Amino acid sequence: GAGVSQSPRYKVAKRGQDVALRCDPISGHVSLFWYQQALGQGPEFLTYFQNEAQLDKSGLPSDRFFAERPEGSVSTLKIQRTQQEDSAVYLCASSATLYYEQYFGPGTRLTVT
Amino acid sequence: AQSVTQLDSQVPVFEEAPVELRCNYSSSVSVYLFWYVQYPNQGLQLLLKYLSGSTLVKGINGFEAEFNKSQTSFHLRKPSVHISDTAEYFCAVRPFRGSGAGSYQLTFGKGTKLSVIP
Numbered sequence: 557g558a559g560v561s562q563s564p565r566y567k568v569a570k571r572g573q574d575v576a577l578r579c580d581p582i583s584g585h586v587s588l589f590w591y592q593q594a595l596g597q598g599p600e601f602l603t604y605f606q607n608e609a610q611l612d613k614s615g616l617p618s619d620r621f622f623a624e625r626p627e628g629s630v631s632t633l634k635i636q637r638t639q640q641e642d643s644a645v646y647l648c649a650s651s652a653t654l655y656y657e658q659y660f661g662p663g664t665r666l667t668v669t
Numbered sequence: 057a058q059s060v061t062q063l064d065s066q067v068p069v070f071e072e073a074p075v076e077l078r079c080n081y082s083s084s085v086s087v088y089l090f091w092y093v094q095y096p097n098q099g100l101q102l103l104l105k106y107l108s109g110s111t112l113v114k115g116i117n118g119f120e121a122e123f124n125k126s127q128t129s130f131h132l133r134k135p136s137v138h139i140s141d142t143a144e145y146f147c148a149v150r151p152f153r154g155s156g157a158g159s160y161q162l163t164f165g166k167g168t169k170l171s172v173i174p
């Protein structure tokens, strides 16, 4: 595709459920970033990958958050035992390399009830 | 570590009037600077970026920004706004390549909501 795509666009989960959010980066982009945007806030860094290697996961808020990119393309952000404070928009971005411009997807809006 | 402060959370302005959205940053290493725009229910779109060279940077949709190293600012301006400019604007920084920062994610401000009044 021409841009970064994310699915689902909207997800409602009951507290305690596990969720999986998918990101399809721009073809050929080796770097992939995840950000969390709480209501009324700017995006905050969660983690990033260079190909399949997760180089930095310092932004993941707890051990309930897990991200993977097993083949260096599609990435999945998994949240276990969701809590209300996990409600946010999760943005994915990809770039040709770590140092190049990041292109953002439309985001997945997660609502935990 | 880096931080970004956007001094105004909301800016109302009349159509065809000029606007300035303010951004200040703090960083222990050299950084690149960016402005992104976010329309409702959409992702972030890059408006402009400062990497090096001229401190006045022109972007899309008639926006421009000026990097001021001594004041650690990167304010966004447009001489005449349109209704379609109504959106949220985010200032962001990222460490230079080779700065030793060890990580290359963007650090964002909290955003400024621009409302253009007809």
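Residue numbers (my numbering), protein chains in the order written: chain A, 557 to 669; chain B, 57 to 174.
By construction, the Cβ of each residue, glycine as well, lies at the ideal position given by its N, Cα and C atoms.
All values derive from a computational prediction rather than experimental measurement.
Reference residue i, options the options, closest by Cα
i, options, result
"LEU100/B", "PRO68/B, LEU170/B, ALA143/B", "ALA143/B"
"GLN573/A", "TYR655/A, GLY661/A, GLN639/A, GLU624/A", "GLN639/A"
"VAL85/B", "ILE139/B, HIS138/B, THR128/B", "THR128/B"
"ALA57/B", "SER108/B, PHE164/B, LYS114/B", "PHE164/B"
"VAL60/B", "ARG133/B, ILE139/B, VAL137/B, TYR88/B", "TYR88/B"
"ALA558/A", "TYR566/A, SER629/A, SER583/A", "SER583/A"
Whether residue i touches residue j by CB criterion (9 Å)
i, j, result
"PHE589/A", "ALA644/A", "no"
"VAL592/A", "PRO662/A", "According to the sequence shown, residue 592/A is Gln rather than Val. No, these two residues do not count as a Cβ contact at 9 Å."
"VAL76/B", "LEU112/B", "As written in the sequence, residue 76/B is Glu, which differs from the Val given in the question. Not a contact, by the Cβ cut-off of 9 Å."
"ASN80/B", "LEU63/B", "yes"
"ARG578/A", "THR669/A", "no"
"LYS105/B", "GLU657/A", "yes"
"LYS169/B", "GLN66/B", "yes"
Span separating the alpha-carbon of residue i from that of residue j
i, j, result
"PRO564/A", "SER126/B", "44 Å"
"GLN597/A", "SER110/B", "31 Å"
"ALA73/B", "PRO135/B", "7 Å"
"LEU602/A", "PHE152/B", "20 Å"
"TRP91/B", "SER82/B", "16 Å"
"LEU633/A", "GLU641/A", "16 Å"
"ILE116/B", "HIS585/A", "23 Å"
"SER159/B", "SER140/B", "35 Å"
"TYR145/B", "PHE119/B", "12 Å"
"GLU122/B", "SER587/A", "29 Å"
Rounded distance between the beta-carbons of residue j and residue i, thought under 8 Å
i, j, result
"SER631/A", "GLU624/A", "7 Å"
Residues bridged to residue i [DSSP beta-bridge criterion]
i, result
"TYR95/B", "Answer is none; TYR95/B lacks a bridge partner."
"ASP612/A", "TYR604/A"
Residue-level contact to chain D via CB, residue i, 9 Å cutoff
i, result
"GLU657/A", "Among the protein chains in the structure shown, which are A and B, there is no chain D."
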